[in-house]
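Take a look at the structure below.
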Amino acid sequence: MTANTVHPPSEFTCATADLPGEIVITDPDIVAGYCRDESRLTEAGTAVAVLAPRTTEEVSACLRACHAASIPVSTRGAGSGLSGGSNATDGGVVLSLHRMNTILDIDPVERLAVAQPGVITGDLRAAVAEQGLLYPPDPGSVAMCSIGGNVATNAGGMCCVKYGVTADFVEALEVVLADGRVMRTGTSTVKGVAGYDITGLFVGSEGTLGVVTEVTVRLVPAPAPALTLAASFADLTSAGTAVAAIAAAGLPCSAVEILDHTTLRAVDEVAKMGLGDAAAMLLVQADSEDADAILAKVEALCAAAGAEVGRADDVEESTMLMEARRLALPALERLGDWLLDDVCVPRAKVVDLISTIEGIAVEVGLTIGVFGHAGDGNLHPTIIFDRSDAGSLAAAHTAFDKITSAALELGGTITGEHGVGRLKAGWLARELDPVNADMQRALRKLFDPQEILNRGVAL
Ligand SMILES: Cc1cc2nc3c(=O)[nH]c(=O)nc-3n(C[C@H](O)[C@H](O)[C@H](O)COP(=O)(O)OP(=O)(O)OC[C@H]3O[C@@H](n4cnc5c(N)ncnc54)[C@H](O)[C@@H]3O)c2cc1C
């Protein structure tokens with residue numbers, strides 16, 4: 007080939023020729039950094055470019071261009087996802103919303119906040135806190151995930167046991183459809199029942215129906231700083247029994263989190279907090295005026311299940327304990343390769359799920375760290391393995407499948423909060439009844455007939 011050979015412009019170059027140059031990133035080293043999220047063992051292709059729009063109009067122009075040329079688009083918030091939802095498709099583009107990161111309004115009278123999708127959830131929570139308000143959903147990743155990603159995954163978190171999940175707080179959205187059309191959904195009024203609930207449809211749609219470009223969320227008055235109780239158990243199933251008892255008592259705890267021995271040890275290695283050597287620990291919080299009385303009841307229930315119980319002395323110690331819980335995944339990461347599950351079962355079945363996981367760990371010969379939002383029945387069994395050893399990798403897959411099957415058998419779901427993504431795309435049809443699955447496919451086709459959005463995610 008001679009030096010002056012003229013290459014025909016690629017399909018991508020032609021399709022995106024009219025986009026502002028500043029929003030098109032094609033440097034392969036930079037693009038590579040956007041091609042996968044925080045999940046493990048999920049497929050990720052190689053994108054030809056990252057598109058990083060700054061406005062809704064630019065998002066619309068990007069999607070119009072990709073739609074016209076049938077270029078696959080993977081939408082990305084902050085890339086903290088744990089199901090491969092924003093992973094790239096070969097030959098496609100990654101549409102990253104990180105530059106759309108402005109909080110547009112906080113209205114203390116209506117108790118609403120309006121934000122662009124790339125706003126980091128922790129920043130939004132901090133900004134509304136300055137006005138005496140709380141945006142409750144608080145994923146463990148709150149310091150790194152985006153509000154747009156939270157909407158797309160219907161993210162949960164620690165406070166959800168009391169306050170609910172993202173869906174319970176999203177009032178209105180602006181979205182750009184696959185063909186570039188811009189649509190507004192929902193209302194900013196306290197009530198509003200006009201038409202189908204398309205806002206609800208988009209929450210948890212994992213980027214398969216459109217791109218969220220603005221989010222209006224409901225806020226609540228900031229509660230008192232939470233009080234925290236730590237209950238240490240000699241075995242995991244006793245901790246599960248306490249969880250079921252707390253749920254049955256209907257106590258309005260603002261967090262009921264569990265860490266097993268493996269997780270506790272891993273966290274302590276990092277945080278050096280002297281968390282002890284228990285088989286399992288429950289961290290329980292209450293943030294209402296009667297928090298003390300609520301925790302007294304929780305204490306009695308945990309003691310009845312055989313726990314040793316201690317209370318955090320002050321707000322700092324409380325915060326430190328919950329920070330230890332947020333360290334669970336980064337700490338387990340130090341033990342080896344990991345594969346994290348996100349199953350959710352009825353709260354009364356937490357104890358059955360835990361003992362099943364213990365059995366699976368023995369059966370496959372791998373360590374499985376268990377932590378998660380026990381009060382919601384939502385656990386994150388984390389399988390530790392060695393990916394360079396084919397036997398260990400196969401055992402990890404086996405354990406993952408067995409845990410996910412067990413959750414379904416216990417009347418639960420394959421994913422409580424991380425989403426189906428690519429990780430569990432093959433599992434969704436096993437959970438949904440066939441008619442429901444058909445309707446979901448039809449909806450996707452309606453919004454995105456060419457299926458350019460997040461190909462390979464969910465159904
Ligand atoms: C340490 C750690 C702890 C975590 N703890 C929790 C937890 O407690 N609870 C929980 O729910 N999750 C948790 N997660 C998972 C993750 O943070 C959430 O799923 C989060 O909502 C993803 O947000 P993101 O901005 O990083 O989205 P991404 O990872 O970028 O994307 C996630 C999905 O949303 C889609 N998406 C992103 N932005 C948009 C948009 N603007 N429009 C349309 N679709 C979009 C993507 O296509 C993808 O399908 C945790 C992750 C880590 C690493």
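If you're matching positions, the sequence shown starts at 7 in the working numbering and goes up one per residue. Idealized CB from N, CA, C, for every residue including glycine.
- Task: Flag this pair as touching only if the segment 270 to 277 and the segment 194 to 211 have three or more C-beta atom pairs under 8 Å; answer yes or no.
- Result: no
- Task: Starting from ASP113, follow the beta strand (DSSP E) in both directions and report where the run begins and ends.
- Result: 109 to 113
- Message: Once DSSP output is grouped into helix, strand and coil, what is the label at ALA121?
- Response: strand
- Query: Do you know whose CA, among TYR141, SER294 and ARG42, lies nearest LEU118's CA?
  - Reply: TYR141
- Item | Backbone CA spacing between THR108 and GLN122 [nearest angstrom] | Note on geometry: alpha-carbon atoms of THR108 and GLN122 lie some 5 Å from one another.
- Query: Using a Cβ-Cβ distance under 8 Å, would GLY138 count as near chain C?
  - Reply: Annotation note: the requested chain C is absent from the structure, which comprises a single protein chain.
- Are the beta-carbon atoms of ASP3 and GLY85 separated by less than 8 Å? Summary: the structure shown does not reach residue 3, with the chain confined to residues 7 through 465, and so no result is reported for it.
- Message: With the cut-off set at 8 Å, would you say ALA232 and ALA149 are in Cβ contact?
- Response: no
- Item | Helix, strand or coil at GLY27 according to DSSP, with G and I counted as helix | In the three-state reduction of the DSSP assignment, GLY27 falls in the helix class, which pools H, G and I.
- Comparing the CB of ARG82 with every heavy atom of ligand 1, is any distance shorter than 7 Å? Answer for ARG82: yes, Cβ within range of ligand 1.
- Query: Is LEU327 near ligand 1, judged by its Cβ being under 7 Å from some heavy atom?
  - Reply: no
- To which residues of the same chain is ALA9 closer than 7 Å at the C-beta, ignoring the five residues directly before and after it? At ALA9 the pLDDT is 43, less than 50, meaning the model places this residue with poor confidence and gives no usable figure here.
- Task: Using 10 angstroms around the beta-carbon of ASN156, count the other beta-carbons present and answer buried if the total reaches 16, otherwise exposed.
- Result: Per the 10 Å Cβ criterion, buried.
- Message: If you reduce the DSSP assignment to three classes, tell me which class PRO34 lands in.
- Response: In this structure, PRO34 counts as helix in the three-state DSSP scheme.
- Using three-state DSSP, classify LEU459 as helix, strand or coil. strand
- C-alpha gap between HIS267 and SER194, whole angstroms: 46 Å
- Item | Buried/exposed call for SER76, threshold 16 Cβ in 10 Å | exposed
- Query: With 16 other CB atoms within 10 Å as the buried threshold, where does GLU423 fall?
  - Reply: buried
- Is the CB-CB distance between VAL426 and SER16 below 8 Å? no
- Message: Under 8 Å, with one C-beta from each stretch per pair, do the segment 329 to 344 and the segment 215 to 231 reach the 3-pair mark?
- Response: no
- Query: In terms of alpha-carbon separation, which member of SER92, GLY192, ALA297 and ASP174 lies closest to ALA230?
  - Reply: The option with the nearest alpha carbon to ALA230 is ALA297.
- Message: Please classify LYS430 as buried or exposed, where buried requires at least 16 other C-beta atoms within 10 Å of its C-beta.
- Response: It is buried - the Cβ of LYS430 has at least 16 other Cβ atoms within 10 Å.
- Any idea if TYR202 is buried or exposed, counting beta-carbon neighbours within 10 angstroms, 16 or more meaning buried? exposed
- Item | Reduced DSSP secondary structure (H/G/I, E/B, other) of SER102 | strand
- Query: Taking all protein chains shown into account, do 16 or more other C-beta atoms lie within 10 angstroms of the C-beta of VAL262, making it buried, or fewer, making it exposed?
  - Reply: Around the beta carbon of VAL262, 16 or more other beta carbons sit within 10 angstroms, so the residue counts as buried.
- Message: If I measure Cβ to Cβ from THR174 and keep anything under 6 Å in the same chain, skipping five residues before and after, which residues do I get?
- Response: What sits at residue 174 in the sequence shown is Asp, not Thr. Cβ neighbours of ASP174 beyond the five flanking positions: none.
- Query: What number of angstroms, rounded off, separates the C-alpha of ALA272 from the C-alpha of LEU438?
  - Reply: One C-alpha to the other measures close to 36 Å.
- Message: By the DSSP assignment, the alpha helix (DSSP H) with SER324 in it spans what residues?
- Response: 321 to 332
- Does the beta-carbon of LEU110 have 16 or more other beta-carbons within 10 angstroms, so that it is buried, or is it exposed? Classification for LEU110: exposed.
- Have a look at GLY192, GLY371 and GLY378 and flag the residue whose alpha-carbon is nearest the alpha-carbon of GLY397. GLY371
- Helix or strand or just coil, what does DSSP make of HIS424? coil
- What residue does the beta strand (DSSP E) around LEU88 start on, and which one ends it? Where LEU88 is concerned, there is no enclosing beta strand (DSSP E), given that its DSSP letter is neither H nor E.
- Message: Is the beta carbon of ARG82 closer than 8 Å to that of LEU466?
- Response: Here the chain covers residues 7 to 465 and nothing more, so residue 466 does not appear.
- Apply the 10 Å Cβ neighbour rule to ASN442 and answer buried if 16 or more other Cβ atoms are within range, or exposed otherwise. Per the 10 Å Cβ criterion, exposed.
- Check the DSSP bridge columns for HIS379 and list the partner residues they point to. Paired residues: ASN384.
- Within the same chain, show all residues whose beta-carbon is closer than 7 Å to that of ARG224, passing over the 5 residues directly before and after it, in chain order. ARG117, LEU118, PHE175 and GLU177
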